[in-house]
Amino acid sequence: MPKESSPKTVRKIVLIIVAILFVLLIILGFSGYRYWNRSLEAKDPTNTEVVDITIPSGATRSDIARILEENNIIESAVVFNAHSRLNDVEGFQAGDYELSPAMSVEEITTLLTQASGGIDPNNIFKVLIPEGYMLEQIAEVIGQETEYSAEEFMALVQDEEYLEELSGDFSELLEETLKIDETRYKLEGYLYPATYEFEQGESLKSMVNKMVARMNQEIQQYSEEIKASRFNIHELLTLASIIEREGVTTEDRHLISGVFHNRLDEGMPLQTDISILYAHNEHREDVYLKDLEIDSPYNSYANPGLIIGPVNSPSGEAIESALNPEESNYLYFLANLQTGEVYYAETYEEHLQLKAEHLDNVD
């Protein structure tokens, strides 16, 4: 019979394996450390040849890193990107630059964030994207205010390669929406409504990048609250987009948010006309009983819980309201569109009574 290994022998083998692994980790760590430091230094200190580099307006941190690597200015786009993120480097300026491989990452970063970038203020124009606008409405604004058509805008925001590119820069923001196939547009609700400054000749991709980046900035300030909430980012923007259109005042938006939270707690459908109009892709105020029969994942009467995705671009106030509902026992509300008054009820009977008192006699 073969001899059994003694406990002492087994321990010795284990210790040898652990020691080998430890040495390997040290070697890998040291190699990684050397590569990191080498990538932050000048790629070629002896090569002072100047290269003309253009950083387009709206370029993301990843875009800039890729441009620098492709032009052999830096050793590693990954290290440049990670270094700027770890050091909270912000404010990269678009424009034309003269760079060389003899410059360190620190020198390049300083130049790209402190230079004027060569942007002529006379070439800047502003475009307002109103709160609560749907993607197709934003397309119309772009078509009216820029050199690009609404059709070009819609083609870009549905382009799979472009969406894949965006997911690399805004992975956390777009993670959920890019997984869902049934939404009308994957970027619906992800372009922040605001006034934007664009440069004459700026690319359409750059314009959309700015809008997505602005929404990402808005969401990031609530990152801890979102993690502690019942929603992921996609669900939050979905509810916020409904609140955006249902409420006008800050007070009402928080109360309406509370109603929707209560209905979600009870497993009730949200029953919001905003979703029905989006399902029909129509811009009108009135919703009729026959409209509620539409077979759509946006039908909040037929489907309990949240609908499949946002129906417009919500404002920061609507997003904040979705996260911080006013606590109440209300399960119903209705609004008088003529006066702007909103009436709340805890029971369906109270809701019907309020409807009879305030809406049934309204022309």
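Residues in the sequence shown are numbered consecutively from 1, following the UniProt record's numbering. All C-beta atoms in this analysis are idealised placements derived from N, C-alpha and C, irrespective of residue type, glycine included.
Here the alpha carbon of Ile276 sits roughly 33 Å from the alpha carbon of Gly168. Taking the Cα positions, Thr109 is about 16 Å away from Arg38. Beta-bridge analysis with DSSP links Thr54 to Asp96. Put simply, the segment 127 to 135 touches the segment 187 to 207. At least three CB pairs are less than 8 Å apart. Contiguous alpha helix (DSSP H) elements confined to the segment 136 to 189 occur at 150 to 157, 160 to 169 and 171 to 174, taking only those with 4 or more residues. Here the C-alpha atom of Ile219 lies approximately 8 Å from the C-alpha atom of Leu173.
Collapsing the DSSP output to three states places Ala335 in a strand. Note: Phe125 is bridge-paired with Phe198 in the DSSP secondary-structure output. Within the segment 211 to 246, the runs of alpha helix (DSSP H) at least 4 residues long that lie entirely inside it are, in chain order, 223 to 228 and 233 to 246. Excluding sequence positions up to five before and after Ala335, its CB lies within less than 6 Å of the CB of Val342, all in the same chain and listed in chain order.
Val342 has Ala335 as its beta-bridge partners, per DSSP.
Rounded to the nearest angstrom, the gap between the Cα atoms of Thr46 and Ala102 is 6 Å. Annotation for Gly258: the continuous alpha helix (DSSP H) segment containing it runs Thr250 to Asp265. Between the alpha carbons of Val208 and Gln217 lies a gap of roughly 14 Å.
Straight-line spacing of the CA atoms in Ile294 and Asn87 works out to 51 Å. Within a 10 Å sphere around the beta-carbon of Ile27 sit fewer than 16 other beta-carbons, which makes this residue exposed.
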